[in-house]
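Asks: FYI, the numbering for the sequence shown is 1 to 110, going by the working numbering. Backbone N, C-alpha and C define an ideal beta-carbon position, used for all residues, glycine too.
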Amino acid sequence: MMFRRLAAAALLLPTLALAPATASAQMTLACAPQAEEALQALQLGGDAVRTIRFERMLNPAERGPDFLGVRAWVSLTSCSGFLVIDMTRSCFVRQSYTRGSCAIEGVTRY
């Protein structure tokens, strides 16, 4: 399923320094703590993470809510690609998977 995407902001670990954010971006960045917990659960520390970009997942259908959730695109230092963390509107981590050459034990790879 294709989602319209709105890039919200960049987040760099481990300092968690935030770029200037709009009200919409701040709503998206509210899921940063849950994304960090997901990274810790995968035992990915500060040196393993290059950057994180959060984006709102918008509903392409006419029915239902406009805003479906948040997606975190995590750039890792060890590979060319991303770890993707999909979260609901309430920041519950729905799924994680990797793209490109990234492979993490216990995480689905596409």
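Determine the direct distance from the alpha carbon of Tyr110 to that of Ala21, and round the result to whole angstroms.
Replies: To locate residue 21, count along the sequence shown from 1; it is residue 21. To locate residue 110, count along the sequence shown from 1; it is residue 110. Any reading at Ala21 must be qualified, since the residue scores a pLDDT of 48, below 50, and its modelled position is unreliable; the value itself is stated next. About 31 angstroms.
Asks: Taking the straight line between their C-alpha atoms, what separation do you get for Met185 and Ala30?
Replies: In the structure as shown, the chain begins at 1 and stops at 110. Residue 185 is therefore absent and cannot be evaluated.
Asks: Do Ser96 and Leu76 come within 8 angstroms of each other at the CB atom, strictly closer than that value?
Replies: Position 76 of the sequence shown, counted from the start, is the residue given in the question as residue 76. Position 96 of the sequence shown, counted from the start, is the residue given in the question as residue 96. Not closer than 8 angstroms, so no.
Asks: Measuring CB atoms only, is the segment 37-47 touching the segment 63-71, in the sense that at least three cross pairs come out at less than 8 angstroms?
Replies: Touching, no, given that fewer than three Cβ pairs across the two stretches are closer than 8 angstroms.
Asks: How long is the line joining the alpha carbons of Pro33 and Cys91, rounded to whole angstroms?
Replies: As a position in the sequence shown, residue 33 is number 33, starting the count at 1. As a position in the sequence shown, residue 91 is number 91, starting the count at 1. Rounded to the nearest angstrom, the two C-alpha atoms are 9 angstroms apart.
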